[in-house]
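Sequence lines, in order, name chains A and B. Quick note, this note's numbering runs 15 ahead of the 1-based positions in the first sequence. Quick note, this note's numbering runs 10 ahead of the 1-based positions in the second sequence.
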Amino acid sequence: MTSATDPNFARPAPPTPVARAAREALFAAIIALGVFGPLLAFRTTQDMQNRLIVETRYGLIAIVVLLVFAGRFLLSLWFTRERPEAGPALGARLSGLMPQGLRDIVRTGLPPAALVALFVYPMMILSLTGGSGALKWIDNFGIQILIYVMLAWGLNIVVGLAGLLDLGYVAFYAVGAYAYALIATKVIPATFPGLGVWAFWICLPVAGILAAFWGVLLGFPVLRLRGDYLAIVTLAFGEIIRLVLINWTAFSNGYEGISTIPRPSFFGVPFNASDTGFAATFGLEFSPVYRTIFLYYVIVCLALITAWVSNRLRKLPVGRAWEALREDEIACRSLGINTVNTKLTAFAIGAMFGGFAGSFFAARQGFISPESFTFMESAVILAIVVLGGMGSLIGTAIAAVAMIGGTELLRELDWLKAIFGRDFDPAQYRMLIFGLAMVAIMVWKPRGFVSTRMPTAFLRSRRAVSADHVKEGHG
Amino acid sequence: MSEAILTVEHLTMRFGGLLAVNDLSFEARRGDITAVIGPNGAGKTTVFNCITGFYKPTQGRITMRHADGRTHLLERLADFRIAQEAKVARTFQNIRLFSGMTVLENLLVAQHNPLMSASGWSIGGILGLPAYGRAERRAIEKAAYWLDKCGLTDRADDPAGDLPYGPQRALEIARAMCTEPELLCLDEPAAGLNPRESLVLNDLLRFIRKEHGTSLLLIEHDMSVVMEISDHVVVLDYGIKISDGTPPEVREDPKVIAAYLGVDDSEVEKVEAEVGL
Ligand SMILES: Nc1ncnc2c1ncn2[C@@H]1O[C@H](COP(=O)(O)OP(=O)(O)O)[C@@H](O)[C@H]1O
Ligand SMILES: [Mg+2]
Numbered sequence: 016m017t018s019a020t021d022p023n024f025a026r027p028a029p030p031t032p033v034a035r036a037a038r039e040a041l042f043a044a045i046i047a048l049g050v051f052g053p054l055l056a057f058r059t060t061q062d063m064q065n066r067l068i069v070e071t072r073y074g075l076i077a078i079v080v081l082l083v084f085a086g087r088f089l090l091s092l093w094f095t096r097e098r099p100e101a102g103p104a105l106g107a108r109l110s111g112l113m114p115q116g117l118r119d120i121v122r123t124g125l126p127p128a129a130l131v132a133l134f135v136y137p138m139m140i141l142s143l144t145g146g147s148g149a150l151k152w153i154d155n156f157g158i159q160i161l162i163y164v165m166l167a168w169g170l171n172i173v174v175g176l177a178g179l180l181d182l183g184y185v186a187f188y189a190v191g192a193y194a195y196a197l198i199a200t201k202v203i204p205a206t207f208p209g210l211g212v213w214a215f216w217i218c219l220p221v222a223g224i225l226a227a228f229w230g231v232l233l234g235f236p237v238l239r240l241r242g243d244y245l246a247i248v249t250l251a252f253g254e255i256i257r258l259v260l261i262n263w264t265a266f267s268n269g270y271e272g273i274s275t276i277p278r279p280s281f282f283g284v285p286f287n288a289s290d291t292g293f294a295a296t297f298g299l300e301f302s303p304v305y306r307t308i309f310l311y312y313v314i315v316c317l318a319l320i321t322a323w324v325s326n327r328l329r330k331l332p333v334g335r336a337w338e339a340l341r342e343d344e345i346a347c348r349s350l351g352i353n354t355v356n357t358k359l360t361a362f363a364i365g366a367m368f369g370g371f372a373g374s375f376f377a378a379r380q381g382f383i384s385p386e387s388f389t390f391m392e393s394a395v396i397l398a399i400v401v402l403g404g405m406g407s408l409i410g411t412a413i414a415a416v417a418m419i420g421g422t423e424l425l426r427e428l429d430w431l432k433a434i435f436g437r438d439f440d441p442a443q444y445r446m447l448i449f450g451l452a453m454v455a456i457m458v459w460k461p462r463g464f465v466s467t468r469m470p471t472a473f474l475r476s477r478r479a480v481s482a483d484h485v486k487e488g489h490g
Numbered sequence: 011m012s013e014a015i016l017t018v019e020h021l022t023m024r025f026g027g028l029l030a031v032n033d034l035s036f037e038a039r040r041g042d043i044t045a046v047i048g049p050n051g052a053g054k055t056t057v058f059n060c061i062t063g064f065y066k067p068t069q070g071r072i073t074m075r076h077a078d079g080r081t082h083l084l085e086r087l088a089d090f091r092i093a094q095e096a097k098v099a100r101t102f103q104n105i106r107l108f109s110g111m112t113v114l115e116n117l118l119v120a121q122h123n124p125l126m127s128a129s130g131w132s133i134g135g136i137l138g139l140p141a142y143g144r145a146e147r148r149a150i151e152k153a154a155y156w157l158d159k160c161g162l163t164d165r166a167d168d169p170a171g172d173l174p175y176g177p178q179r180a181l182e183i184a185r186a187m188c189t190e191p192e193l194l195c196l197d198e199p200a201a202g203l204n205p206r207e208s209l210v211l212n213d214l215l216r217f218i219r220k221e222h223g224t225s226l227l228l229i230e231h232d233m234s235v236v237m238e239i240s241d242h243v244v245v246l247d248y249g250i251k252i253s254d255g256t257p258p259e260v261r262e263d264p265k266v267i268a269a270y271l272g273v274d275d276s277e278v279e280k281v282e283a284e285v286g287l
């Protein structure tokens, strides 16, 4: 450093990459020692006589510092090796490894292949696990992920297309869930008990409409707000709904939540062991797995409807107006677009899909309480949309599979106990790994998995618009 | 002489203590190219923002008179209704394109209102009714027509943000024309264009007036551009109208010369002699 500032020094030969990496790694290790040393090296515990003693863990701190050293060394080496080329980013280089033809096949073939996989997944699981473990795989992985895919596709309309940052999306999920729970447990038994088996199918549209209505209610006061202010108010709205559900016990039964919510029927045929149940009607042996498989196909259809509708809307004037709103609101108004209505439709339609998902969630769980609708849920859904690349359906689906599937998978990593000892519970590290993965992905692909935008109309050839031009919107 | 399409009466716009436009009255006649000129900060953009509804004037009345005799009081209309119902379109001094959308999409967004009703407020569109498909094809044809006029056909499927500056200005004009306005307001359309691009722009503006019967109101701070194509010039300085007339009249007006050269009225004679007028 001194040589660069002091003209009297002759400039030394540039250090070799290895020496340079070693130096940077040494610095990183020293910093790591300073930061982690006091935290990790000493621990206070109680000894046999109940006295507080300091336990030293020099071994642990040595491992951490060595890991930092090695990591930084390899990183530095990797980057100095690449620097002279000044080539494209890591991601572009990786995808550049694939020949063009293969990339085209992946691009055009992926959605149909994913669709087929989606439909055969339960059968495959069933035949692989022989029925016993299937429930977990279809429910925790299939249904759970698909609920988030659907929620993210719904939020994508508001955030990705219209560019309105909504941090309270979970409110509409809650509205949908409580709409189904309350109508199915209170209203229908009191009015038309005969419709009990149809409850889910009646309530699904009602829940969607109610959620859309709440979307408009939220939309009105926040229409004048933009960016950060909009985000804060939507966050507050989500919290208000949750607090009302907690405190208005006469209405929502507070923290206790609502239980014994009727489960969906197979278009009027209930899933139970009775003579008129699903298994008996179709001559099968009774098993709870049929209901799970049915729920799986219901959420597949709901998610596909969400995708289809939002894809369709994007190509209609209203969808173009959403995207134009994200790009430049003032220009929209100068072209005669009613921006108030345009924003409200985005809120309403996004909320409607949230409501559908909510009522499905209530039907699948059979029990709901305000715990399920915390801000954390909104944050996860938003994270999926951002990671997927705002506005892209496929990117969002990939992100949902990676995030939700990934965290579920961590529950399965029991073999890690063999390495880290019996106290080690990988599920406890879910959020840590989740956070690290998000940071890594955002460094690798700052605009999400699929950052390009497909035009909605073309004159000669349809070409993707690169992320450099597409704006993110500021409410 | 044709009737007035736009009448501005006693327009005043105050920002706190700053009087940006002060008791301005002028008329723009149907079929004319009317120019509003004046030095930087004279209040020209503010006048446009009042006409197109982006600012609510402190005082004054702005009347838009359509060919069929209907009138709109623009100071009472919301900004989007001014484009939708009063048929006044505008461009911006700092270009405002939808840069992440393609050139063609920009022109389709401009046809939002007719397309919206053709899509049955999206319901028919979602169901895929043929009426919407036809409407969209017509919209694309219209966009293609304007792309052809602006020489942008080859760039139709490129993102608007990718275009060079001159074509971006042209695209913004084409986009405004896609709303089928009766009055088109252009805020410094020639700013930042090279002389060749300026000539092309003048041709485009003349074409718009001649073939589409659209009246034009344009802001310019460079006098030379305006003198060539406008029929009528209004000169603003510090929010006050200092001159109003045909280009030769305005050019001769000592007040205008003083405003542009920044000298007192009494010194105008001397300055004129120096610059050879
Ligand atoms: N929104 C606003 N708030 C406060 N002052 C403004 C605003 N818009 C314009 N002005 C002021 O009004 C005056 C006229 O500005 P403008 O109409 O942009 O001038 P021009 O377009 O003729 O260069 C300037 O002094 C400007 O600072
Ligand atoms: Mg200006």
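Ideal Cβ placement from N, Cα and C applies to all residues, glycine included.
CA-to-CA distance, residue j to residue i, given in whole angstroms
i: B/G176; j: B/I105; result: 10 Å
i: A/P279; j: A/L197; result: 15 Å
i: A/P277; j: A/T422; result: 29 Å
i: A/A149; j: A/N155; result: 10 Å
i: A/A34; j: A/L48; result: 21 Å
i: A/G86; j: A/L133; result: 39 Å
i: A/P470; j: B/T112; result: 7 Å
i: B/T56; j: B/Q103; result: 11 Å
i: B/A154; j: B/L114; result: 8 Å
i: A/D21; j: B/N50; result: In this prediction, A/D21 scores a pLDDT of 48, lower than 50, which makes its location untrustworthy; no coordinate-derived value is stated.
i: A/A472; j: B/I267; result: 50 Å
i: A/R98; j: B/G161; result: Interpretation of A/R98 is limited by its pLDDT of 48, a score under 50 that renders its predicted location unreliable; no figure is taken from the coordinates.
i: A/T360; j: A/E386; result: 29 Å
i: A/A104; j: B/E37; result: Below a pLDDT of 50, predicted positions are generally treated as unreliable, and A/A104, at 48, falls in that range; no measurement from the model is reported.
i: A/A56; j: A/F88; result: 23 Å
i: A/I172; j: A/F297; result: 40 Å
i: A/P53; j: A/I76; result: 9 Å
i: A/A40; j: A/W93; result: 13 Å
i: B/A288; j: B/G249; result: Outside the shown range of chain B (11 to 287) lies residue 288 of chain B, about which nothing can therefore be said.
i: B/R75; j: B/L227; result: 14 Å
i: B/G138; j: A/A479; result: 24 Å
i: A/V355; j: B/D89; result: 12 Å
Enclosing beta strand (DSSP E) for residue i [first to last residue]
i: A/G230; result: Where A/G230 is concerned, there is no enclosing beta strand (DSSP E), although the alpha helix (DSSP H) it sits in stretches over A214 to V237.
i: B/I43; result: I43 to I47
i: A/I68; result: L67 to T71
Chain-ordered chain A contacts of residue i [CB-CB under 9 Å]
i: B/F90; result: C347, R348, S349, L350, G351, I352, N353, T354 and V355
Contact list for residue i against chain A, beta-carbon separation under 8 Å
i: B/R106; result: D343, I345, A346 and S349
i: B/E198; result: Within 8 Å Cβ-Cβ: nothing; B/E198 doesn't reach chain A, min ~15 Å.
Chain A residues whose Cβ lies nearer than 7 Å to that of residue i
i: B/M237; result: Ordered by position in chain A, no residue passes the 7 Å Cβ test against B/M237, which lies about 28 Å from the chain.
i: B/D172; result: H484
i: B/G110; result: E342, R468, V480, H484, V485 and K486
i: B/L118; result: R335 and A472
Where residue i meets chain B, residues with beta-carbon distance less than 8 Å
i: A/R521; result: The structure shown does not extend to residue 521 of chain A, since chain A is modelled only from 16 to 490, so the question has no answer here.
Chain B contact residues for residue i, given Cβ-Cβ distances below 9 Å
i: A/L328; result: S132, G135 and I136
i: A/V333; result: H122, M126, S129, W131, S132 and G135
Span of the alpha helix (DSSP H), counted from its first residue to its last, around residue i
i: A/Q159; result: Q159 to N171
i: B/Q178; result: Y175 to M187
i: A/D243; result: G242 to N262
Heavy atom of ligand 4 within 8 Å of residue i beta-carbon
i: B/T62; result: Ligand 4 is not part of this structure, which contains only ligand 1 and ligand 2.
Cutoff 9 Å: residue i Cβ touching any chain D Cβ
i: B/T56; result: Annotation note: the requested chain D is absent from the structure, which comprises protein chains A and B.
Amino acids of chain B, ordered along the chain, whose beta-carbon sits closer than 7 Å to that of residue i
i: A/A44; result: None at all; the shortest Cβ gap to chain B is about 44 Å.
In chain order, which beta strand (DSSP E) runs of at least 3 residues are fully inside the segment 14-101 of chain B?
14-25, 28-39, 43-47, 69-75, 81-83 and 98-100
Is there contact between the segment 471-490 of chain A and the segment 208-220 of chain B, where contact requires at least three CB pairs shorter than 8 Å?
Result no; under three Cβ-Cβ pairs closer than 8 Å.
Unbroken stretches of the alpha helix (DSSP H), 4 residues or longer, contained in the segment 385-424 of chain A
390-403 and 408-415
Unbroken stretches of the beta strand (DSSP E), 3 residues or longer, contained in the segment 233-277 of chain B
242-247 and 250-255
List in chain order: all unbroken alpha helix (DSSP H) runs of 4+ residues lying wholly within the segment 270-355 of chain A.
293-296, 304-329, 332-342 and 344-349
Quick check: the segment 169-184 of chain A against the segment 399-406 of chain A, are at least 3 beta-carbon pairs closer than 8 Å?
Contact between the segment 399-406 of chain A and the segment 169-184 of chain A is present, because at least three Cβ pairs lie under 8 Å.
If contact is defined by three or more beta carbon pairs under 8 Å, each pair taking one atom from either stretch, is the segment 339-349 of chain A in contact with the segment 307-317 of chain A?
With the cut-off at 8 Å, the segment 307-317 of chain A and the segment 339-349 of chain A do not touch.
For the structure I just gave you, are there three or more beta carbon pairs, one from the segment 365-385 of chain A and one from the segment 116-124 of chain B, closer than 8 Å?
Contact between the segment 365-385 of chain A and the segment 116-124 of chain B is absent: fewer than three C-beta pairs spanning the two stretches fall below 8 Å.
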